[in-house]
Structure formats: C-alpha cells, structure tokens
Amino acid sequence: MHSIPHERARRWTAAVAVGLAGVAACGGAAAADFPARPITVVVPYPPGGTPDILARVLGETLAKTLGQPLIVENRVGASGNIGGQAVARAEPNGYTLLMCAFGCAVAPSLYTPAPYDVVKDFAPVAMIGTVPSVLVVNPGVPARSVAELIAYAKANPGKLNSASSGIGTSAHLATELLNTKAGIQLTHIPYKGAGQVAADLLGGQVDMYFDNLPASLPSIRSGKLRALAVASQKRSPSIPDVPTFAEAGVPDFLITPWFGIMAPARTPEAVLDRLNQAFVAALKAPEVRTRMQQLGVDVAPGSRQDLAGFIAGENEKWKAIIQANKIRVE
849 MHSIPHERAR RWTAAVAVGL AGVAACGGAA AADFPARPIT VVVPYPPGGT PDILARVLGE
909 TLAKTLGQPL IVENRVGASG NIGGQAVARA EPNGYTLLMC AFGCAVAPSL YTPAPYDVVK
969 DFAPVAMIGT VPSVLVVNPG VPARSVAELI AYAKANPGKL NSASSGIGTS AHLATELLNT
1029 KAGIQLTHIP YKGAGQVAAD LLGGQVDMYF DNLPASLPSI RSGKLRALAV ASQKRSPSIP
1089 DVPTFAEAGV PDFLITPWFG IMAPARTPEA VLDRLNQAFV AALKAPEVRT RMQQLGVDVA
1149 PGSRQDLAGF IAGENEKWKA IIQANKIRVE
C-alpha cells in the first residue's frame, strides 16, 4: 500500500478506527449467523468491464468460503454514482456491498453536490487490487509510440479523440493529464460504459483509450489494438514489451485503476471483519490468484484500514489534479 502523508488520510483512518470501536458491542451478535442468505455485490458499471470481471472471478470462491451465493448486480448510470448511492442507502447489514473503483475517490471532487461522502457513507471492507492503465490505439492511428502520438497530436490539434467510459473515470482523467503534460489537445469523448468504448475503438470510431489492462488484453494480444504505454511504475508482466510512460518520455504519468469492496456505513464491525476475512482468503486462493495474474491484476489483500488509507490518498491526489485542470462534470 502507498504511504499516505495527507492530513485528510490520517483523519479518515482515525475516524474508521473510532467507528469500528463504536459498533463492536452490537457487531458480535449480528455476525454470529452471518451470512444467513445470499450477498449482493453491486457493480456500478456495465457487464464486461474490469469491475464486473473481478466480481465474477471472486464470486465462486467467496460462495464456498461464506456458504452463501454471491450475486453480482450491475446497477449502472451517472459514471457509477447510481450504484454507489444505492449501496450508501442500503441497510447496513453486510448483505449489500459495492465494488468500488477509481471513481469512488474522485466523485466528491467532480460533482456539486457530491453524490455521496466516501468517508461518512461507506465502511471499507477489503482491497481487491490494482491494474495497469494501458494506452491503446486503433491500428489505423498513425503512431507506434507515445512520442509519435504526441507529435501527431501537436501537428493536428483536436483531431485525435480519446474515449472514456464516463466523466471522472480513470480514462477521462488520464486524457486530461496527458493533454497537460504533453501540451496537446486530445478531444475527450465520454461514453456510458466500457463495452461501447471497446466496440467503437475496435471499429475505428474513436482513436485511443486509456483502458484497464484486463479488459483490453485479449485485443492487444490478437493485434486488434496497439498498446503504446502503461501508466505504471514498471512494465506489466502481461505485456512486457510495452514501455511505461516514463520510458516513453512522459515522466510522472501514473494512473492506478483500483478496486475494493465497500459496505454501507454503520455495518457492524464483526460483520465487516467476517467479510474482510472472506475476501482476503478468496484473493489468496490459488485458482483466484492464477486467474487474477492472467488478467494482469496486482492482487492486494489487506486490512480494512489499508483500504481506508489508500482511498484517502487517491482522493487527495486526484482532487489536486482535477482542480489544476479545471475538470467539471458537463
């Protein structure tokens, strides 16, 4: 996990600790027979995207661990905010969870009023992991490297378009960050989900996309898409020939799409502990680890406090970037 120097991160982590202590007394009874029925994981994005894939990979193993089915429910809309709001308002009993992703940390900085308070409305359950963000282009784009892409964009301002699965997603913010760092004018085209982005990117209707590696890996390997760089500290073992942005000449260009499980605030501590233990065990299961590695996921099982601190750090980082680039929901 990243070290989080920010005061906000320290305040949130402290608040989580206080909240955990406060519900300890009533949590034991609630967890004694938990779970007694199926658990729903709300994925606030369409089927086929990375959050959906990860939820379903974990489902079978979690069902064995918990003794109850794990139901994946895709509740989409408003760049993930509809699903997030639904879970924030759900009964805090552990039976409704949220597959939280990058957008959870940036939504409060993008929307006025904010769709939810990520600190007050949710209780961290478990970190799932992170994936590399990879810049992929349609093979028709006349660029085989980041340097060539930037040169083409400078010679043709506004001509290249960069898709995203919605305002405030990692692909959107990566596009804005590249515009700023490279001094170019990519045209941002927001979609309502990753599935349509993938179809239009393959069809040539859009030029480029900062995708989560698990979703684009098959198309990269088949040659249907060209990968130019990964926005991570080091190359991905899944595509070892693809350089990092730093290697490609754009330093300090780091995008970390991440995924974690959240529950409604005020969920009893013992229930949260039971869920954390189950998710951590599932992530350590050989069959899950193998599948995650195949998908290019860097699995990061840990404590609830680990997830709280990580999200707080992401919140601070992207708040600064959003403000510096004057990014607003249209």
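Residue 1071 in the numbering used here sits at position 223 of the sequence shown, with consecutive numbering throughout.
No residue lacks a Cβ here, since even glycine has one placed at the ideal position from N, Cα and C.
Cross-strand partners of residue i (DSSP beta bridge)
i     : result
C948  : G1108
D1059 : V982
T888  : I919 and T944
I1037 : A1011
R1074 : V985
A971  : A1111
G977  : F1107 and V1147
Check: residue i C-beta below 7 angstroms from any heavy atom of the ligand ATP
i     : result
G1031 : Questions concerning the ligand ATP fall outside what the structure shown contains, since it holds no ligand whatsoever.
Supposed contact pair residue j and residue i - C-beta distance, whole angstroms, cut 8 angstroms
i     : j     : result
V905  : R1139 : 5 angstroms
R923  : P892  : 6 angstroms
M975  : G1108 : 5 angstroms
A1079 : A1022 : 6 angstroms
P1105 : S1018 : 5 angstroms
V890  : G907  : Not quite, the Cβ-Cβ distance comes to about 13 angstroms (not below 8 angstroms), so this is no contact.
Q1033 : A1001 : 7 angstroms
Cβ neighbours of residue i in the same chain (closer than 8 angstroms, five flanking residues each side left out)
i     : result
A884  : Q916
L1137 : The question names Leu, yet the displayed sequence has Arg at residue 1137. Closer than 8 angstroms at the Cβ level, and outside the excluded window around R1137, lie L1131 and V1147.
G1150 : M849, A974, M975 and V1128
7 angstroms CB neighbourhood of residue i in its chain, flanking five on each side removed
i     : result
G1144 : V979, P980, L1061, P1062, L1065, S1084 and S1086
N1173 : E1024 and T1028
W1166 : A953, V954, S957 and L1021
Sequence-distant residues of its chain with Cβ nearer than 6 angstroms to residue i (five each side left out)
i     : result
G977  : V1145, D1146, V1147 and A1148
A995  : G1097
A872  : With a pLDDT of only 46 at A872, under 50, the local geometry of the prediction cannot be trusted, and the value read off the model is given with reservation. Hits under 6 angstroms: E1117.
A1030 : I998
R1074 : V985 and P987
G925  : none
G870  : Because G870 carries a pLDDT of 49, less than 50, the predicted location of this residue cannot be relied on, and no value is offered for it.
Note to self: With a threshold of 8 angstroms, are at least 3 pairs of Cβ atoms found where one atom belongs to the stretch 1064-1081 and the other to the stretch 906-915?
What the structure shows: no
Next item on the list: Enumerate, from N- to C-terminal direction, the unbroken beta strand (DSSP E) stretches of 3 or more residues contained entirely within the stretch 1087-1166.
Entry: 1106-1112
Item checked: Three CB pairs or more closer than 8 angstroms across the stretch 936-951 and the stretch 1028-1047 -> no
Notebook entry, point to check: Is it a yes or a no for the stretch 933-946 touching the stretch 957-970, going by three-plus beta-carbon pairs under 8 angstroms?
Noted result: yes
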